[in-house]
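To start, the structure itself, in structure tokens.
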């Protein structure tokens, strides 16, 4: 340490070198270290959920099901859903990339409430342990949607424990959302007006609003469910005088906005990467920003589209159908704006850009198939089949997970101070794109042909497409294992990263990689619009 | 492996047309998105020295243009899908009714003639059929992909689904709402038969008594006749001390309730009257009927309703 002090007395050590003890990590209030704690935690959950997915695909390679027990199969897909939704997709971008980058982008030293930030990680870990206990002690077979009265009166699994885990994870979400909202309001660097905020911050702001407003509804719903299961208080079970559709209304009132909790941060990541690797301003900045806000608002008004065949009224179906089309408009506008950004740009093909292009492609497929299920008569045929499974995996995995990897590669030099190996990064992006389509495209056809989701066994005519899908899943698995390998390798052997390896704008690139504990030696001042990439003629001289 | 699904009802081709239209629109948009991405990626790659010219600073014209076009396409799809759904939602009058009860993990089907079967539904070709469905336990879903129809089957209430089959054959019946361990075994078949074949099938599987006849026995056994009269003629005509509404001719007629609502007496209404009479009290009658919730099985309920339905208005006592 003394050597460093002699060489560079003016600089603080990086946050990674500021303390080596376990205590300095577990009791840290540094947003950057908490981001890494989260990154480690969600990686574990991603692989737990991923192993469940692999076993699901393994079971489905033969029509009668390879896993002998239906019960086991039902527990596997419930575990896959619960873990992936609440312990990977929802926290993935906000708690890792968001935690790390938000204060840096704002020009702040930390989030507004550093201790709350640490507390939210502990809540998340406790929630995770409770859920893993429930899943491994015997499991839950209700599906991640916990529909009543199956979950309250008929399922024999550890429903209450699983619900308790999700309930606790909700508080972690709320704490993170609150922290971001306050930070973005109060901690912007001098000169950083709202319209100078990078879109990543706008997206996380919109996400946080949904987190804070929608998560309490989930908490109440799960509490009512537990009351009914434990004390037999009739809320949802018609045998006790309850209404089973009430549960679905409440559950989707949270869970549909939650879809946007998952995808909005992805939009933010892509809106950073496309301009950076096109060396061009984001096309239609204000439209992209207000589209995020519009999505956050309208997302609260579309929950009924999960219930077109559930027995709700004709009029509610009509209203929810048209609102579902409305919420698709801003997403479409964003896609057009990203493509507009590439127009006349100077496009480079580093791994983050490849992941981002993959995102645009897969998200567009996911969005377009959403139009099919928003059309009432078509939804009647397609819902509750593999078409739905394929649709949301295109959005959530093809879209969201690609965006997460895009962001992880983009900010990896900033986070670790090391470059990832570029060729491996590109190969990973390519393999994930191919493997993903190979896995999930056949499921659209399966769904149209009528194969129901959550089936342990199926009629033999669906076998070929299921085998294709499972074969694709093996490629996808390789695609996901690759980054785990080469990113870990780069921690020790990667090339040292400069402060701004991509030549990107944004305050996070104006401090060393990795940043010092206090982020900035002096508070940065902002005096230009976001994405102020040099005009093309200047860049051309460099090329 | 077939990539096409039989279209076995009158509405199936219409649903397919909608799906094909959306498929074509999606392919066009995908071609546009991927085409532009590939074009730009190649044309404007960093190493390319192509003249980029001036970059548009004002973007709002383009933004408004693609927002409006997107909105118009979406609105068209909404109207198309909703119009078709409206017709799927409302059964035509005079549809033949068949009763379906879902149960972990089987489908029980009861016909008006008293025939019953498990995990199979037989229907004639060319006649509208309305399914009246309920569940004994959790939520199930009655789905026939070849018919392009599907509806959740809920405990504690009747949901309906109608179709008119127009191709004979045997088709898959799936439960598509996760209902517990044996969910993927809750499958069966729907057999569409020509009219003569169907009549033959009904005769061969004929029961000793029709649903309504079985209902008459139950009507006595559960004590309904004590107040409503031996043949549903009404309370004070058959020497009963309690005044209760007449049931003959009730089915399908409007009823004025004590709270002022006017409802049509369909299966759903009669079911609610039996299980929760307080919520459905008929105007000018005292609230004396006890609830039968939890005392009558779903199958018996169907029979009693079939009996009440069979009480024609012209034949009082």
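Residue numbers (the working numbering), protein chains in the order written: chain A, 4 to 546; chain B, 5 to 321. Virtual Cβ for every residue (Gly too), placed ideally from N, Cα, C.
{"Asked": "Assign residue 306 of chain B to one of three DSSP states: helix, strand, or coil.", "Found": "helix"}
{"Asked": "Is it buried or exposed, residue 418 of chain A, if we count other Cβ atoms within 10 angstroms and call 16 or more buried?", "Found": "buried"}
{"Asked": "Measuring alpha carbon to alpha carbon, tell me which of A:332, A:16, A:55 and A:67 ends up nearest residue 462 of chain A.", "Found": "A:67"}
{"Asked": "When we look at the beta-carbon of residue 535 of chain A and count the other beta-carbons within 10 Å, is it buried (16 or more) or exposed?", "Found": "exposed"}
{"Asked": "Quick check on residue 129 of chain B: does DSSP put it in helix, strand or coil?", "Found": "coil"}
{"Asked": "Residue 237 of chain A to residue 141 of chain B, Cα distance in whole Å?", "Found": "15 Å"}
{"Asked": "Residue 110 of chain B by DSSP, collapsed to three states: which one?", "Found": "strand"}
{"Asked": "Return the bridge partner residues of residue 103 of chain B from the DSSP annotation.", "Found": "B:114 and B:136"}
{"Asked": "For residue 224 of chain A, count neighbouring C-beta atoms within 10 Å of its own C-beta (all shown protein chains included) and say buried if the count is 16 or more, exposed if not.", "Found": "buried"}
{"Asked": "If you draw a straight line from the C-alpha of residue 505 of chain A to the C-alpha of residue 181 of chain A, how long is it?", "Found": "31 Å"}
{"Asked": "In three-state DSSP terms, what is residue 145 of chain B?", "Found": "strand"}
{"Asked": "Take the Cβ of residue 305 of chain A as the centre, count every other Cβ of all protein chains shown within 10 Å, and call the residue buried at 16 or more, exposed below.", "Found": "buried"}
{"Asked": "Looking at C-beta atoms only, is the number of pairs between the segment 263–276 of chain B and the segment 145–164 of chain B that lie closer than 8 Å three or more?", "Found": "yes"}
{"Asked": "Would you please state the rounded distance, in angstroms, between the beta carbons of residue 390 of chain A and residue 348 of chain A? I believe it to be under 8 Å.", "Found": "With a Cβ gap of about 36 Å, residue 390 of chain A and residue 348 of chain A do not count as contacting."}
{"Asked": "Tell me, please, whether the segment 479–487 of chain A touches the segment 198–215 of chain B by the rule of three or more beta-carbon pairs shorter than 8 Å.", "Found": "no"}
{"Asked": "Leaving aside the five residues before and after residue 527 of chain A along the sequence, list all residues of the same chain whose C-beta is less than 7 Å from its C-beta, in chain order.", "Found": "110, 192, 510 and 513"}
{"Asked": "In chain order, what residues of the same chain lie with their CB nearer than 6 Å to the CB of residue 3 of chain A, ignoring the 5 residues before and after it?", "Found": "This structure cannot settle anything about residue 3 of chain A, because the visible part of chain A is limited to 4 through 546."}
{"Asked": "Which stretch, first to last residue, makes up the alpha helix (DSSP H) that contains residue 231 of chain B?", "Found": "228–232"}
{"Asked": "Cα separation between residue 401 of chain A and residue 42 of chain B?", "Found": "19 Å"}
{"Asked": "Which residues does DSSP list as the beta-bridge partners of residue 154 of chain B?", "Found": "B:147"}
{"Asked": "Measure from the C-beta of residue 107 of chain B to each C-beta in chain A and report whether the shortest distance is under 7 Å.", "Found": "no"}
{"Asked": "Please confirm if the segment 353–369 of chain A is in contact with the segment 276–289 of chain A, defined as three or more CB-CB distances below 8 Å between the two stretches.", "Found": "yes"}
{"Asked": "Is it buried or exposed for residue 160 of chain B, if we count other Cβ within 10 angstroms and need 16 for buried?", "Found": "buried"}
{"Asked": "At the level of alpha carbons, what is the spacing between residue 373 of chain B and residue 251 of chain B?", "Found": "The structure shown does not extend to residue 373 of chain B, since chain B is modelled only from 5 to 321, so the question has no answer here."}
{"Asked": "Which class does residue 425 of chain A belong to by DSSP, given the choice of helix, strand or coil?", "Found": "helix"}
{"Asked": "Please classify residue 55 of chain B: is it buried, with 16 or more other beta-carbons within 10 angstroms of its beta-carbon, or exposed?", "Found": "exposed"}
{"Asked": "Listed in chain order, which residues of the segment 307–333 of chain A have Cβ atoms closer than 7 Å to some Cβ of chain B?", "Found": "312, 313, 314, 317, 320, 321, 324, 325, 328, 331 and 332"}
{"Asked": "Please compile the residues from chain A whose C-beta is within a distance smaller than 8 Å of the C-beta of residue 138 of chain B.", "Found": "Under the 8 Å cutoff, chain A gives no residues; its nearest Cβ is about 10 Å from residue 138 of chain B."}
{"Asked": "If we count the other Cβ atoms within 10 Å of its Cβ and call it buried at 16 or more, is residue 299 of chain B buried or exposed?", "Found": "exposed"}
{"Asked": "Just checking my contact of residue 518 of chain A with residue 243 of chain A at CB under 8 Å: how many whole Å lie between their CB atoms?", "Found": "Not a contact, Cβ separation roughly 56 Å."}
{"Asked": "What residue does the beta strand (DSSP E) around residue 188 of chain A start on, and which one ends it?", "Found": "Element bounds for residue 188 of chain A: not the beta strand (DSSP E) but the alpha helix (DSSP H), 162–189."}
{"Asked": "By DSSP's criteria, residue 181 of chain B is part of a beta bridge. Which residues make up the other side?", "Found": "DSSP lists no partner for residue 181 of chain B."}
{"Asked": "Does any heavy atom of the ligand ATP sit closer than 6 Å to the C-beta of residue 160 of chain A?", "Found": "As presented, the structure is devoid of all ligands, the ligand ATP included, so that no description of it is given."}
{"Asked": "How would you write the range of the beta strand (DSSP E) that residue 343 of chain A sits in, first residue to last?", "Found": "No beta strand (DSSP E) contains residue 343 of chain A, which is instead part of the alpha helix (DSSP H) from 317–345."}
{"Asked": "Would you mind listing the alpha helix (DSSP H) stretches within the segment 425–453 of chain A that are 4+ residues and don't spill past its ends, in chain order?", "Found": "425–452"}
{"Asked": "From the DSSP secondary-structure annotation, give me the bridge partner or partners of residue 492 of chain A.", "Found": "Paired residue(s): none; residue 492 of chain A is not in a bridge."}
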